[in-house]
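Protein chains in written order, with my numbering: chain A, 1 to 430; chain B, 1001 to 1430.
Glycine included, every Cβ here is placed at the ideal spot set by N, Cα and C.
None of the values given here were measured: they were computed from a predicted structure.
Following: one structure in structure tokens, then a few remarks.
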């Protein structure tokens, strides 16, 4: 299974590497499982229900979109959502200590718990106008696609399986989670899988957070973000000239960083995004800092670039302390981890990917595997088989104020069926 | 005389180098001039007046200190000061277009104009408590020494020469000038000598802006300050990775800058004081900037470090544009000159330095020549003989909130006599 390797001053960064592992709840071929589900009486009942449930899906999508859910301020939406989960008849419905809204649909027993998550948060700050603008079936509002449609879809799926009295082998934990976007840093799912009360029970993981349903995200682009603060004694630019200067150390670190070699494939990137520090042109700064972002599709490459980065920061600091006077104090650099989206991968051959693939094929969709940064990064990194699937619907302009999603009836109904089938097949239908 | 040498994008930076030149108003040896003045009836009358004028000097020092005069906000103090100059009986009293308060004391004719300046401004921002705290003769308040005592001293000198009806060969222009401190960048004296109505008449220059009166500043430490803005196309740290990054160009420029070799003697320094830029950790910045300070006692060394700096900025930009993609735009760097204190020197052998030296010796003070950054930098750079002399009084903590000066009667009275004698000897007494 995956293991932690710690970097310089970095608390056990889980550089992953997953893993062929993963227990399949049953030995049946995924295609036949999917075929059996789609041929069942319950499936016919669920499908009929989904058709009648369309208006409610649309109304809930609008209602949820219009409850603002900025990063770290998802409380209002979580409160509304947990009530909706309760109304579907789930059990153990609650908001956990991190702010995730969750509830369980009990299985017949014998299968490991499956977590199905969709994130509540949006990238839009407080005060953003979230009123939905309708043009026919094209609905526009900040966050309506990413990921309010995902959480609305999850409610529609739960209602459909409840209406058809579908039984699953595994318990299914449905979660509207916090903290997927930006500085949220996947905090909702990190809590769920590392500290939450189901942390030892969740053995498979499905995130609903993507557009086209033919697309299966089975790899997580990992990222590491640091704020590195360089401190020194400071002083007058003329009178104290010759003392170590933290801006020189930082400049040298940036110059070294800029010369790193990273592979184009697997895609690996690095960035200096923000620099700041110093008080006046004629003072040696006492403190400067830089914000650094590194990402890779490959855990091994992310580990390499991270180690190189931490080493070159240290090297730049040592050089500055070596060439100028430290009589008033040394330069010290503190690389503080401000973002850690663990990398990971669920192999194409794993049962969960094969099951999702079988569903995509059964619905005649165009299959595509992708690597991205979603809530699934966390379980992938921990060796828990995970995929991120689509919420359906054409849409666009995610993270922009004119974000939109199309709730055309046919497409919307099919999207619920696709997601339901993936969840049922992964959870196992006796 | 001194000549301009322009740097990259720098508008005719006057890298100096003065000059033995300077017309002495008379061929007499400075020592005998000083001796003659001190032996005159008028000197005895002036000295007696200075004794009686002590209380007024102290009261004016307090009154002027308590009129705030932050950089670029010297108006209130200039207005009060110009009225004080008018009360002394000067002619052509006015506030010029830059904000300097000035007036002329006519000479008998035949000598070139002498400018006597003392700066009005302080380093303290709006809202600073400038109430004078008295402990015996130890007066404390922000700016009370540097340079409010200088402007109060100038008033006392004018009153004394008026009271004694001292005649001088040269016209003497008395100026309470703006913009000596920090970002003022010597703007008051720059205007006076480059654009003001006396710019072609001023042929000798005395600044009152120092402590001990044995100290004669005859060299100006030059400084050049830049804000260099590095601009690029910006983009997403992951999606647009591979595009040029202005933070990388700036980091490389800082690293190169940090490795410059400058001489310890003549003292030459360089600094990165402030860095800023970028909007988020996961965006390639569209703009970053750095504030740079370079100084030298030597015009030639300042020119060298400036040229090296401008070349390395260009080199760092070219390198970044060479190693990453410019398909969305190139990195461009714009070094904007934000400070220019011209360097310069008045030779020890020049009549003005010899005259000030003779006065220092005549009063039995300990002679010291220094190199500093004062309003005299400007005339020195233009080849106008200039010295900066002391305002007298023990004092300390200049530029700190607890700045103080001691107005002990004996020392205060002598300080007025010393400054008066320097001014009279330079202006020539028939």
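Nearest-angstrom Cα separation, counted from residue j out to residue i
i	j	result
residue 347 (chain A)	residue 355 (chain A)	12 Å
residue 23 (chain A)	residue 203 (chain A)	Caution applies to residue 23 (chain A), whose pLDDT of 44 falls short of 50 and renders its modelled position unreliable; the value that the coordinates give is listed next. Cα to Cα, the separation comes out at about 8 Å.
residue 1036 (chain B)	residue 1160 (chain B)	17 Å
residue 1340 (chain B)	residue 1078 (chain B)	24 Å
residue 1025 (chain B)	residue 1167 (chain B)	With a pLDDT of 45 at residue 1025 (chain B), under the threshold of 50, the modelled position of that residue is not reliable, and the figure given next carries that caveat. Near 14 Å, if we compare the C-alpha coordinates of residue 1167 (chain B) and residue 1025 (chain B).
residue 285 (chain A)	residue 1073 (chain B)	27 Å
residue 1034 (chain B)	residue 1252 (chain B)	57 Å
residue 1170 (chain B)	residue 1385 (chain B)	15 Å
residue 1195 (chain B)	residue 1337 (chain B)	20 Å
residue 69 (chain A)	residue 62 (chain A)	14 Å
residue 1357 (chain B)	residue 1216 (chain B)	8 Å
residue 200 (chain A)	residue 1260 (chain B)	58 Å
residue 420 (chain A)	residue 277 (chain A)	52 Å
residue 1021 (chain B)	residue 1383 (chain B)	Residue placement at residue 1021 (chain B) is flagged as unreliable, the pLDDT there being 40, under the threshold of 50; the coordinate-derived value follows with that caveat. Roughly 7 Å between the two C-alpha positions.
residue 335 (chain A)	residue 1134 (chain B)	50 Å
residue 188 (chain A)	residue 102 (chain A)	11 Å
residue 316 (chain A)	residue 1317 (chain B)	21 Å
Reduced DSSP secondary structure (H/G/I, E/B, other) of residue i
i	result
residue 1233 (chain B)	coil
residue 336 (chain A)	strand
residue 1415 (chain B)	helix
residue 407 (chain A)	coil
residue 1423 (chain B)	helix
residue 101 (chain A)	strand
residue 133 (chain A)	strand
residue 166 (chain A)	coil
residue 1194 (chain B)	helix
residue 1060 (chain B)	helix
residue 1017 (chain B)	At residue 1017 (chain B), the pLDDT of 39 sits below 50, so the modelled position is not reliable and the matter cannot be decided from this model.
residue 1047 (chain B)	helix
residue 315 (chain A)	helix
residue 1079 (chain B)	helix
residue 1180 (chain B)	coil
residue 29 (chain A)	coil
residue 1224 (chain B)	strand
residue 70 (chain A)	strand
residue 95 (chain A)	strand
residue 1330 (chain B)	coil
residue 431 (chain A)	Chain A is shown from 1 up to 430; residue 431 (chain A) falls before or after that span and cannot be answered.
Closest by C-alpha distance to residue i, when choosing among the options
i	options	result
residue 321 (chain A)	B:1258, B:1039 and B:1397	B:1258
residue 1184 (chain B)	B:1058, B:1309, B:1203 and B:1125	B:1125
residue 1244 (chain B)	A:60, A:58 and A:269	A:269
residue 1368 (chain B)	B:1254, B:1121, B:1285 and B:1219	B:1219
residue 1428 (chain B)	B:1181, B:1111, B:1132 and B:1256	B:1111
residue 1065 (chain B)	B:1405, B:1430 and B:1394	B:1405
residue 1377 (chain B)	B:1153, B:1144, B:1192 and B:1123	B:1192
residue 1430 (chain B)	B:1165, B:1076 and B:1135	B:1165
residue 1272 (chain B)	A:108, A:236, A:267 and A:180	A:236
residue 1239 (chain B)	B:1197, B:1282 and B:1209	B:1282
residue 186 (chain A)	A:323, A:41, A:154 and A:209	A:209
residue 105 (chain A)	A:137, A:119, A:71 and A:175	A:175
residue 274 (chain A)	B:1288, B:1316 and B:1262	B:1288
residue 362 (chain A)	A:213, A:249, A:100 and A:120	A:213
residue 1247 (chain B)	A:292, A:424 and A:425	A:292
residue 155 (chain A)	A:374, A:81 and A:108	A:81
residue 1057 (chain B)	B:1422, B:1425 and B:1415	B:1415
Cβ separation of residue i and residue j, assumed to be a contact under 8 Å, to the nearest whole Å
i	j	result
residue 1343 (chain B)	residue 1372 (chain B)	Residue 1343 (chain B) to residue 1372 (chain B), Cβ: 11 Å. No contact.
residue 1417 (chain B)	residue 1032 (chain B)	With 8 Å as the limit, residue 1417 (chain B) and residue 1032 (chain B) do not qualify as a contact, their Cβ atoms being about 18 Å apart.
residue 351 (chain A)	residue 30 (chain A)	7 Å
residue 1181 (chain B)	residue 1132 (chain B)	Actually they do not touch by this definition, with Cβ atoms about 19 Å apart.
residue 325 (chain A)	residue 395 (chain A)	That belief does not hold up - the Cβ atoms of residue 325 (chain A) and residue 395 (chain A) are roughly 59 Å apart, past 8 Å.
residue 254 (chain A)	residue 290 (chain A)	7 Å
residue 1179 (chain B)	residue 1071 (chain B)	7 Å
Review point. Are the segment 328-341 of chain A and the segment 227-234 of chain A touching by the rule of at least three beta carbon pairs closer than 8 Å?
Key: Contact holds: three or more Cβ-Cβ distances are below 8 Å.
Review point. Should the segment 1218-1227 of chain B be regarded as contacting the segment 1285-1304 of chain B, the criterion being three or more beta carbon pairs within less than 8 Å?
Key: Three or more Cβ pairs drawn from the segment 1218-1227 of chain B and the segment 1285-1304 of chain B lie within less than 8 Å of each other, which places the two stretches in contact.
**Study point:** Stretch pair the segment 1125-1142 of chain B + the segment 1085-1095 of chain B: three plus CB contacts closer than 8 Å
**Key:** Verdict: no, contact absent.
Review point. Any chance the segment 1095-1105 of chain B sits against the segment 1052-1062 of chain B, with 3 or more Cβ pairs inside 8 Å?
Key: Result no; under three Cβ-Cβ pairs closer than 8 Å.
Exercise for review: Decide yes or no for the touch test of the segment 1387-1405 of chain B against the segment 1133-1151 of chain B: beta carbon pairs closer than 8 Å, at least 3 of them.
Suggested key: The answer is yes - the segment 1133-1151 of chain B touches the segment 1387-1405 of chain B, with three or more Cβ pairs under 8 Å.
Exercise for review: Would you be able to state if there are at least three C-beta pairs under 8 Å between the segment 203-212 of chain A and the segment 307-321 of chain A?
Suggested key: Taking 8 Å as the limit for Cβ pairs, the verdict is that the segment 203-212 of chain A does not touch the segment 307-321 of chain A.
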